[in-house]
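Colleague: Before anything else, here's the structure in question.
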Amino acid sequence: LIHFYKRLRMEDMVGEWKLENRDSNFGQFLQCRRVNWFLRQMMTSSKADVEYKLSEDKGTFTKVTRSMMRTSEYPMPTEGEFCPLKTLSGEQEFGRLMETSGGNVILEMNYVESGENAATISHKVEDGKLHVSLKCKDIVCNSTYTKKS
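Going by the numbering used here, the first residue of the sequence shown is number -19, and it counts up by one from there.
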């Protein structure tokens, strides 16, 4: 009997990543995401590195964001929809984490009240770099991270 092990794309993202560069429209993306002015100022004036963790049972994927100001953890189930306790907008949102056959990990967030898409975030590890694309309506902000050793 031969067992085939399907490698999760999320596993490629596990580890610590340093922000290398980000498009200059990050503030516009945050504004589109309904992030308040004060938090937008904090987020655009500091560089945040990220760490991704996958639980042993592969049921929870956690993003840890670290900056000079703070560290925050954002756990997400790897299957099904979820409602995070805290959101960037401060409004109730629901999300879903998906993997594509093209090697992307997609996080789609929607507003509970209207069902409107809040943001779609695409992640892909290529050539040792993590490429993240933040999309809100017609605004697309790209970031590149390098893996810390």
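Where is the CB? At the ideal position from N, CA and C, for every residue including glycine.
1. Does DSSP classify CYS121 as helix, strand or coil?
2. If we cut at 9 Å on Cβ distances, does PHE9 have a partner in chain B?
3. Considering only C-alpha positions, which residue in the set ARG(-11), MET22, PRO64 is nearest to LYS38?
4. Would ILE86 and GLU96 be called neighbours here (beta carbons separated by less than 9 Å)?
5. By a C-beta neighbour count over all protein chains shown, 10 Å radius and 16 as the cutoff for buried, is THR67 buried or exposed?
6. Whole angstroms is fine: what's the gap from SER94's alpha carbon to ARG14's?
7. Tell whether a beta-carbon distance below 9 Å holds between VAL30 and GLU61.
8. What ranges does the beta strand (DSSP E) occupy inside the region 34 to 107, keeping only unbroken runs of at least 3 residues that lie completely in it?
Modeller: Well, looking at it:
1. Position 141 of the sequence shown, counted from the start, is the residue given in the question as residue 121. Note: CYS121 maps to strand in three-state DSSP.
2. Considering every chain present, this structure includes no chain B. It has just one protein chain.
3. In the sequence shown, counting from the first residue as 1, residue 38 sits at position 58. The shortest C-alpha separation from LYS38 is found at ARG(-11).
4. Along the sequence shown, one-based indexing puts residue 86 at 106. Along the sequence shown, one-based indexing puts residue 96 at 116. No, the Cβ-Cβ distance between ILE86 and GLU96 is not below 9 Å.
5. Translated into the one-based positions of the sequence shown, residue 67 becomes position 87. That one is buried.
6. For the purposes of this step, residue 94 is taken as the residue at position 114 of the sequence shown. For the purposes of this step, residue 14 is taken as the residue at position 34 of the sequence shown. Spanning the two alpha carbons is a distance of roughly 14 Å.
7. In the sequence shown, the residue the question calls residue 30 occupies position 50. In the sequence shown, the residue the question calls residue 61 occupies position 81. It is not a contact, given that the beta carbons lie outside the stated cut-off.
8. Here the runs fully enclosed are 40 to 46, 51 to 57, 73 to 79, 85 to 91, 97 to 106.
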